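Okay, so here's the structure we're looking at.
Residue numbers (our numbering): 162 to 400.
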């Protein structure tokens with residue numbers, strides 16, 4: 162029979178007590194983690210989902226006013242389709258509508274990059290989609306309305322007192338392109354200004370950043386992005 166084991170002998174040395182981190186150090190570490198996570202999340206959202214822009218001109222009045230801040234859905238086109246009547250932001254890769262960009266500080270540029278401030282770059286333009294690839298867009302019928310595939314369009318979003326177009330045109334939208342107009346036609350240098358060029362003023366779908374989702378600033382103008390598909394419901398498909 163073996164003898165019962167007794168309790169282990171005391172080593173005679175006590176383990177040193179763990180030094181506690183000062184509450185202020187813990188606070189700032191947690192704060193830094195939160196800030197970094199917020200920046201990363203903002204960058205991901207800005208890159209793949211939503212992006213903010215500001216409106217610099219009168220070309221989309223009354224739908225969008227000067228200095229409005231808007232949020233754009235980056236999933237359209239791509240995951241979601243672009244339709245006639247949608248308001249889209251696109252990159253002006255051919256410098257058709259470029260104008261001097263507002264001056265920005267390095268801090269503002271950093272905030273724009275990570276998505277915490279609206280993009281003020283002059284090479285982004287906002288217009289309304291009037292024609293999709295294959296559509297024939299022309300001006301105008303006896304009542305002064307623009308026709309899409311022979312169907313006249315009543316446009317409730319036009320700036321009050323503005324006619325659909327003061328210039329005549331008849332274009333067929335090339336494949337992979339859209340044809341765009343501003344809502345304030347008399348103050349908008351849009352696709353009509355480039356109908357004599359090979360693509361007849363159409364913009365490549367690849368240049369589209371996204372479809373407007375909402376006005377987020379100023380507060381008293383909170384609302385939708387101005388997309389109006391109803392006027393185009395009766396438009397037939399292109400031949």
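For glycine and all other residues, C-beta sits at the position ideal for the given N, C-alpha and C. Just so we're clear, the structure is a prediction, and the values are computed from it rather than from any experiment.
Residue j beta carbon less than 8 angstroms from that of residue i
i           : j           : result
residue 243 : residue 339 : yes
residue 221 : residue 345 : yes
residue 355 : residue 257 : yes
residue 294 : residue 337 : yes
residue 240 : residue 212 : no
residue 368 : residue 251 : yes
residue 245 : residue 290 : yes
residue 230 : residue 364 : no
residue 299 : residue 330 : yes
residue 236 : residue 370 : no
residue 334 : residue 396 : no
Residues near residue i by beta carbon distance below 7 angstroms, same chain, minus five either side
i           : result
residue 385 : 375
residue 316 : 325 and 392
residue 306 : 313, 314, 315 and 325
Burial state of residue i, where buried means 16 or more other Cβ atoms lie within 10 Å
i           : result
residue 407 : Any question about residue 407 goes unanswered here, given that the chain covers just 162 to 400.
residue 401 : In the structure as shown, the chain starts at 162 and stops at 400, and residue 401 therefore has no counterpart that could be examined.
residue 188 : exposed
residue 224 : buried
residue 361 : buried
residue 292 : buried
residue 288 : buried
residue 195 : exposed
residue 192 : exposed
residue 201 : exposed
residue 197 : exposed
residue 304 : exposed
residue 311 : exposed
Reduced DSSP secondary structure (H/G/I, E/B, other) of residue i
i           : result
residue 372 : strand
residue 277 : Low confidence applies here, because residue 277 scores a pLDDT of 49, under 50, leaving its location unreliable; read the following figure in that light. Residue state, collapsed to three classes: coil.
residue 356 : coil
residue 223 : coil
residue 383 : coil
residue 196 : helix
residue 312 : strand
residue 378 : strand
residue 307 : strand
residue 365 : strand
residue 189 : helix
residue 351 : coil
residue 346 : helix
Unbroken beta strand (DSSP E) run spanning residue i, endpoints
i           : result
residue 231 : 230-234
residue 213 : 211-215
residue 300 : 297-300
residue 338 : 338-342
residue 252 : 248-252
residue 333 : 330-333
residue 289 : 285-292
Cβ neighbours of residue i in the same chain (closer than 8 angstroms, five flanking residues each side left out)
i           : result
residue 227 : 216, 217, 218 and 219
Spatial neighbours of residue i in its chain, beta-carbon cut-off 6 angstroms, leaving aside the 5 residues before and after
i           : result
residue 372 : 234, 237, 247 and 249
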